[in-house]
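Residue numbers (numbering that gives the first Met the number 0), protein chains in the order written: chain C, 0 to 122; chain F, 0 to 122.
Where a beta carbon is used, it is the ideal one built from N, C-alpha and C, also for glycine.
Just below is one structure, and these are the notes that go with it.
Number of protein chains: 2
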Amino acid sequence: MARKYKHLGVRLRLVLGPDIAIGPGKVDLLEKVKETGSIAEAGRTMGMSYKRAWQLIGTMNDAFKQPVVVTSRGGASKGGATLTQFGEELLTRFRQLQRETEHVAESTLTDLKNALANGERTN
Amino acid sequence: MARKYKHLGVRLRLVLGPDIAIGPGKVDLLEKVKETGSIAEAGRTMGMSYKRAWQLIGTMNDAFKQPVVVTSRGGASKGGATLTQFGEELLTRFRQLQRETEHVAESTLTDLKNALANGERTN
């Protein structure tokens with residue numbers, strides 16, 4: 000019945016407007032695009048469909064004045080994706096904020112984990 | 000295509016274990032239970048079904064050593080729900096952490112809102 004959570008710890012989402020939020024899914028995807036140079040490959044490493052990966056990138060590219068990712072061989076190609084300077088900035092700032100939030104949340108997270116009933120895996 | 004977000008700003012979720020996370024939905028519900036003294040009424044003010052409200056409370060009550068809410072007239076009753084001391088503590092600490100996170104995130108949130116394309120409502 001309960002949903003399963005893959006990543007323990009603090010999850011942060013910035014809701015910027017009624018149709019646009021930046022959270023771990025989009026930011027992880029940006030990071031993987033940076034690492035792999037490919038939206039398809041980035042999605043694949045996250046267990047995400049090609050279509051879904053393009054949707055998330057498209058949502059970000061449409062939401063901001065500047066795109067976060069550009070592709071060198073047109074939208075339908077599988078290769079040649081690069082973060083723009085703005086995309087890099089978005090990634091860096093979100094990661095920094097994530098670290099700061101983890102720092103701020105540390106004692107609460109520890110206390111709540113210690114309050115879990117026996118049998119609940121805390122790590 | 001894009002999802003709609005009702006609440007702008009920072010959304011925080013503490014993933015404590017593979018089956019238990021504490022986020023805005025559960026915490027808002029605890030706050031409404033405190034205000035209304037009723038799980039049914041608390042759910043109603045949030046536009047949530049009676050069943051869903053009970054599920055969320057049940058997930059928390061099951062996950063922790065101590066319950067977060069107790070009911071005075073048994074599980075099937077619609078009235079007499081109270082936060083336990085632990086439930087109060089959970090609510091208070093999450094709210095505090097939320098405020099601290101909002102403080103830490105303020106400049107990033109402002110900059111990202113300013114980077115939104117024209118036509119995106121930022122408030």
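Item, Value
"Which residue comes first and which comes last in the alpha helix (DSSP H) that contains Val32 (chain C)?", "23-35"
"Flag this pair as yes or no: are the beta carbons of Leu82 (chain C) and Lys33 (chain C) separated by less than 9 Å?", "yes"
"Take every Cβ of the stretch 40-51 of chain F, pair it with every Cβ of the stretch 89-101 of chain F, and state whether three or more of those distances are shorter than 8 Å.", "no"
"Over the uninterrupted beta strand (DSSP E) stretch that includes Thr81 (chain F), give me the two end residues.", "80-82"
"Output, in sequence order along the chain, the residues in the stretch 90-115 of chain C whose CB is closer than 7 Å to any CB in chain F.", "Arg92, Leu96, Glu99, Thr100, Val103, Ala104, Thr107, Leu108, Leu111, Lys112, Ala114, Leu115"
"Which of the three DSSP states, helix, strand or coil, is assigned to Leu115 (chain F)?", "strand"
"Out of F:Leu111, F:Lys64, F:Phe85, F:Pro66, point me to the one whose CA is closest to Phe85 (chain C)'s CA.", "F:Leu111"
"In angstroms with no decimal places, state the Cα-to-Cα distance between Ser76 (chain F) and Val68 (chain F).", "Any reading at Ser76 (chain F) needs caution, since the residue's pLDDT is 48, under 50, leaving its predicted position unreliable; the model's value is listed next. About 13 Å."
"Express the C-alpha separation of Asn113 (chain C) and Glu101 (chain C) in angstroms, rounding to a whole number.", "17 Å"
"Who are the neighbours of Leu13 (chain F) on chain C, taking C-beta pairs under 8 Å?", "Gly8, Val9, Arg10, Ala104, Thr107, Leu108, Leu111"
"Express the C-alpha separation of Pro66 (chain F) and Val103 (chain F) in angstroms, rounding to a whole number.", "31 Å"
"Is there a C-beta anywhere in chain C that falls below 9 Å from the one on Ile19 (chain F)?", "yes"
"Give me the Cβ distance between Ala52 (chain F) and Gly42 (chain F), rounded to the nearest whole Å; I'm assuming they're in contact under 8 Å.", "3 Å"
"Return no unless some Cβ of chain C is closer than 9 Å to the Cβ of Gln84 (chain F).", "no"
"Does Tyr4 (chain C) get closer than 9 Å to chain F when you measure Cβ to Cβ?", "yes"
"Taking the straight line between their C-alpha atoms, what separation do you get for Val145 (chain F) and Ala80 (chain C)?", "What the structure shows of chain F is the stretch from 0 to 122, and residue 145 (chain F) is not part of that stretch, so it cannot be assessed."
"Under DSSP, the beta strand (DSSP E) around Gly8 (chain C) begins and ends at which residues?", "8-16"
"Consult DSSP for Val103 (chain C) and reduce its assignment to one of helix, strand or coil.", "helix"
"Just the Cα atoms here: how many angstroms apart are Ser71 (chain F) and Pro17 (chain F)?", "31 Å"
"Can you check whether the C-beta of Gly22 (chain C) is within less than 9 Å of a C-beta belonging to chain F?", "yes"
"Using the C-alpha atoms, what's the distance from Tyr4 (chain C) back to Gln54 (chain C)?", "23 Å"
"With hydrogens ignored, establish whether the beta-carbon of Val103 (chain F) is closer than 8 Å to any heavy atom of the ligand ADP.", "Judged by which ligands are present, the structure shown has none, so any question about the ligand ADP falls away."
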